[in-house]
Structure formats: C-alpha cells, structure tokens
C-alpha cells in the first residue's frame, strides 16, 4: 500500500489516500461520490474500470487511457481530453459539453483522441472541440453536437442516427459509411431540423447514409461532387462553380436580397484566388486539394451570412445593429423611459435577431425559448421576441435572450409607463427599472418566460400546445412544424399535449417516439392512409 496524492490542475493537493495504485484510489473515490472536478489526471491509466456517475468537470485528462472503461452518466464538461485513448469506452448519457477532445500536440506526441468503437449514445458534446478526434465505429445515436467545432474528425462507420448538429461547425471530417439517418416514424417535412445554423463543408460523405432532415450534409455532398468536376476541368469551370455554389443553399434569394453584392463578393474573391494558382494541363491532387480548400472557405463564408440573414426575406424576422435595436425597443415600448431602454439595450452585443411572434413565426419563437432554456443558444446571437397581443398588460410585451445566458423582459403598462427586468445567467436580477407595483408577479425569470410563452400561444390561437420545459424541448421541422422532444433522449414525446403542431395546425400525439391518439391509445392506421400516418410523404 502507498499513499497517493491527486493534485488539481494548479498543482495543489486535491485528494489523497492509501491504495496499491493511483488508479485504484481514483476509482474508489469516484465510486464513493467524490468529485474529480479540476483534477490533474493527465496520462493516468484508467482502463477497464467503472467511473459511472463521476464528476470530471474541468479536469485534465490529456493522454489518459480510458480503454474499455465504463463511465455512464458521467460529467466531463469543460474537461481537457486531448489525445485520450478510449477505444471501447462506454459512456452513454454523459456530458462532454465544452470539453477539448482535439489532438494532444505535446512535445512528445501528436496523438489523436481515439474513441473508436465507443458507446456514447445520448451523450452531449455541446460546444466541444473535436478537431482530429476519431469516433470510427462509435455508437452515438441521439448524441448532441450543438455548437461543437470539429475539423478533420473521423466518424467512419459510426452510428449517428438522430444526432443534433445545431450550430455545429463540421469541416473536412470523414463520415465514410456513417449513418446519420433520422429514425422517427413521421412525415419528412415534420422532422425536427437538427442541422439549424450548422456549417458543414468539405467532408467525406462517401456511402454515408444522410437521410432526410440533414440538408447541410446533403448540400455538402453535392458541392463535393462539383468540386471534383471543377478540378477535372479548367479554371473557368472553377469560376462557374464558385459563382453558382450559392444556388444550392436554401433561402439564398432572400440572402442575396439582404446582403446585396456581398455574396457575389465572396465568390469573386475566391475565384480570383483560384485563378492566381497555377493550373497545369493535368490537374494534380494538389490542385484538387486547393480547390476543395477554397470551396470550404467559400461555403463557411456563405454559412456565416446565412446565420446573420436567415429568412431575411420575411419581414417577421429582421436583424438589427445596436443602434437599430435601440430604435426597435423604443418603438415597441414608447412609454418606457430612458432607464428602461438603457437597462435592456446594454445587453445587446453585435447583432440582434428580432422575431415577431405571429402564427407564421411561432416555431421560431418557441424554438428560441427552448434553446435558451436548454443553454443551446451560444453562437446564435441575441434574440428579442415581440408579442402581437395587446391585451393583458401584466404580461411582458417582449423578452430578450442573450446568447451568453442573460435575459430581459419589457412591459408596457400603458398609462403607468413601462418596466423592465434584466437577469444574469443564473436568473438573478441585475437591474429592475420602471413601475414596480406588480413586482411580485414578474421578478422570477422562469415564471416570466413561461408566462410569455403561454401568452404567445394564446395570441396565436394554439393554447393547447403545452409541454414541460424542464424535461422536454422544442425543435423546428423542415416545414416549420413544432416538434416536442424529450431532452434526455431526443425522442418525439409529449405527455401534456400534441408532440407535433404543423403550420396548418394539424396535431399529432406521440409517446416515446410512437404515434398515439389524443387519449394516449396506440394509433391504428387505416389502409387508405399513405405512409402509415395519413400524411403524404411519410418515410
């Protein structure tokens, strides 16, 4: 037996105890519920042990050996896991949010993080850095990559069914024979959009099963073929390709209308750079690689414009700078004094997305509220939601959701003037301005946002669309449908009302991904119903 010391990443003693090996001590402490948050476990051999439920938040696990280890429902959020060996690692329903799983890049090694054959279903990699990580043959169904960044990562033969790529940046990754297919038994147009705001470009999608609802991956596959065709031709073909890359993007006409010549400028710059390269009579692999690299750069630039100008052709959604945002706030709440405007406008950073909560944009509004509740807004910009309803001044007229977690609400009490409250990331009040006679009704952030959402549903004549925001979230279908999912497993489910609300106000009820009747009974399909659910196009 030996006395072992476990230090934190600053070099201070965190834990100590007697054991035959340091590995034995770590396993014993974790199984006893002792937190390893902030621990320095770099290079530690932790293979073939049980670390389930362990708390490794912010720990340094660089170069650690986790091969064959079980760590179910563990918390690795913010952990440094560069160059980890974790083939055969089993860690379902775990949290890897904001973790760094990129290459080790030390003086001694440039080793990839290896999770080949790992079982990571329902785990969260939101905001994580996965550059160069290897997830070949991994089971990652219903995994979440919201806001994750990955370049040159490997997902060969991986099971990525129902994975959530919202806001992710996926560049030059290998998805050869991977399966990204959504498995919901629901009409394709109603499938939740799990690639919203994602930047997907330059990836290997050979023999990849993409399926419906993953449009950026489908576009990337098409543009990848165009790149090869362009490289097989001459420089003029490259210009033709670069000038037409935008036609493959959805809502591109609205985008062009929004940024004017900006889109053309992006293409022109890339085309000029392309011409500067010496293209020989026989196109070599190097030229192909360069063209592919240019294509990635162009598509990333376009995607950023799309992020800023999403659906800008629709007046219900607009983008504003700081100065314009203040005008919007003033117009929206013209009775508010300078203090109210100052309290809220101080939150706004850069670009603000304004959503008018009418029926047409109901899905955008509820998705934004759900994303804020689930802390999935990072990288999407600030959002302000404006109610159209003029009744019941006790309810907020608008709420502002900051992508760093802050929020605000604005009231218009008519003859009594306006009021506003600003909350920090934890829901604590930072500032409250204006008429406070009814303060007890609107000081709690979660209650205010909940009442605002119910008011929006009432304003749009959809009051029966209820769900529990603590256990469920809202996603947007490709046709604008509202789709309720259980956040723990990503399955379509809603015990409190319809799980799908289409733009035509059709309602579908689901329980654990299976369609049921309104009363919860198994749904029986008639022979006349095409596709099984009475919805044309069901797959």
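Residue numbers (the numbering used here): 1046 to 1584.
For each residue, glycine too, the CB sits at the ideal point set by N, CA and C.
On a predicted model such as this, the values are computed, not experimentally measured, just so you know.
> When you compare each of 1521, 1209 and 1215 to residue 1545 by their alpha carbons, which one comes out closest?
Replying inline: 1521
>> Please return the same chain residues whose Cβ sits closer than 8 Å to the Cβ of residue 1225, not counting the five positions on each side in sequence.
In response: 1205, 1206, 1208, 1253, 1254, 1255, 1256, 1259 and 1262
> Opposite residue 1214 in the DSSP bridges: which residues?
Replying inline: 1194 and 1244
> What residues are listed by DSSP as bridge partners for residue 1453?
Replying inline: 1445 and 1467
>> For the structure I just gave you, are there three or more beta carbon pairs, one from the segment 1532-1548 and one from the segment 1490-1499, closer than 8 Å?
In response: no
> Looking at the structure shown, is residue 1169 part of a helix, part of a strand, or coil, going by DSSP?
Replying inline: strand
> According to DSSP, what are the bridge partners of residue 1560?
Replying inline: 1555
> Can you list, in chain order, the residues of its chain whose CB lies under 8 Å from that of residue 1145, leaving out five sequence neighbours each side?
Replying inline: Non-local beta-carbon contacts of residue 1145 in its own chain, meaning distances under 8 Å to residues more than five positions away in sequence, involve 1124, 1125, 1126, 1127, 1173 and 1174 in chain order.
>> What does the alpha-carbon distance come out to for the pair residue 1477 and residue 1421?
In response: Spanning the two alpha carbons is a distance of roughly 26 Å.
> Taking the continuous alpha helix (DSSP H) assigned at residue 1239, which residues delimit it?
Replying inline: No alpha helix (DSSP H) contains residue 1239, which DSSP labels as neither H nor E.
>> Tell me which residues share the same chain as residue 1050 and place their Cβ nearer than 7 Å to its Cβ, disregarding the 5 neighbours each side in the sequence.
In response: 1058 and 1061
> Whose C-alpha, out of 1163, 1063 and 1098, is nearest the C-alpha of residue 1077?
Replying inline: The option with the nearest alpha carbon to residue 1077 is 1098.
>> Taking only three categories from DSSP, how would you classify residue 1518?
In response: In the structure shown, residue 1518 sits in a strand (DSSP, three-state: E or B).
> Going straight from the alpha carbon of residue 1066 to that of residue 1452, what length do you get?
Replying inline: Residue 1452 has its alpha-carbon roughly 48 Å from the corresponding atom of residue 1066.
> How is residue 1071 classed by DSSP in three states: helix, strand or coil?
Replying inline: helix
>> Quick check on residue 1261: does DSSP put it in helix, strand or coil?
In response: The DSSP-derived three-state label of residue 1261 is helix.
>> On a Cα-Cα basis, can you pick out the residue from 1161, 1188 and 1408 that is closest to residue 1182?
In response: Comparing alpha carbon positions, the residue from 1161, 1188 and 1408 closest to residue 1182 is 1161.
> Quick one: is residue 1073 buried, meaning 16 or more other Cβ sit within 10 Å of its Cβ, or exposed?
Replying inline: exposed
> Any idea which residues DSSP pairs residue 1199 with across the strands?
Replying inline: 1179 and 1219
> From residue 1363 to residue 1400, what distance separates their C-alpha atoms?
Replying inline: Confidence at residue 1363 is low in this model, with a pLDDT of 40, below 50, so the placement of that residue should be treated as unreliable; the coordinate-derived value is given next. So the two alpha carbons sit approximately 7 Å from each other.
>> Distance check for residue 1192 and residue 1351, CA to CA, integer angstroms please.
In response: Here residue 1351 scores only 44 on pLDDT, less than 50, and its place in the model should not be relied on; the value that follows carries that caveat. Roughly 16 Å separates the two Cα atoms.
>> Assuming the contact rule is C-beta atoms closer than 8 Å, residue 1122 and residue 1102 should be a hit. Round their C-beta distance to whole Å, please.
In response: 5 Å
> DSSP state of residue 1076, grouped into three classes?
Replying inline: DSSP places residue 1076 within a helical segment (H, G or I) once states are collapsed to three.
>> Quick test of the definition: if touching needs 3 or more C-beta pairs under 8 Å, does the segment 1444-1451 touch the segment 1508-1527?
In response: no
>> Can you give me the C-alpha to C-alpha distance between residue 1216 and residue 1443, rounded to a whole angstrom?
In response: 37 Å
> In whole angstroms, what is the alpha-carbon distance linking residue 1499 and residue 1433?
Replying inline: 13 Å
>> Assuming residue 1165 and residue 1136 are in contact, meaning their beta carbons sit under 8 Å apart, how far apart are those beta carbons, in whole angstroms?
In response: 6 Å
> If you follow the beta strand (DSSP E) that residue 1059 is part of, which residue opens it and which one closes it?
Replying inline: 1058-1064
>> To the nearest angstrom, how far is the alpha carbon of residue 1189 from that of residue 1046?
In response: 42 Å
> What whole-angstrom Cβ distance do residue 1511 and residue 1542 have, given they're in contact under 8 Å?
Replying inline: Contact between residue 1511 and residue 1542 holds: CB atoms are separated by about 5 Å, below the 8 Å threshold.
> Would you call the CB atoms of residue 1177 and residue 1203 closer than 8 Å?
Replying inline: no
> If you run the structure through DSSP and keep just helix, strand and coil, what is residue 1189?
Replying inline: strand
>> I'd like the list of long-range same chain contacts for residue 1156, defined as Cβ closer than 6 Å, with 5 residues on each side in sequence excluded.
In response: 1128 and 1149
> Tell me, which residues are paired with residue 1092 by DSSP?
Replying inline: Bridge partners of residue 1092: none, in fact.
>> What residue range does the alpha helix (DSSP H) around residue 1129 cover?
In response: That residue, residue 1129, is in no alpha helix (DSSP H); it is neither H nor E in DSSP.
> Just checking my contact of residue 1107 with residue 1087 at CB under 8 Å: how many whole Å lie between their CB atoms?
Replying inline: 5 Å
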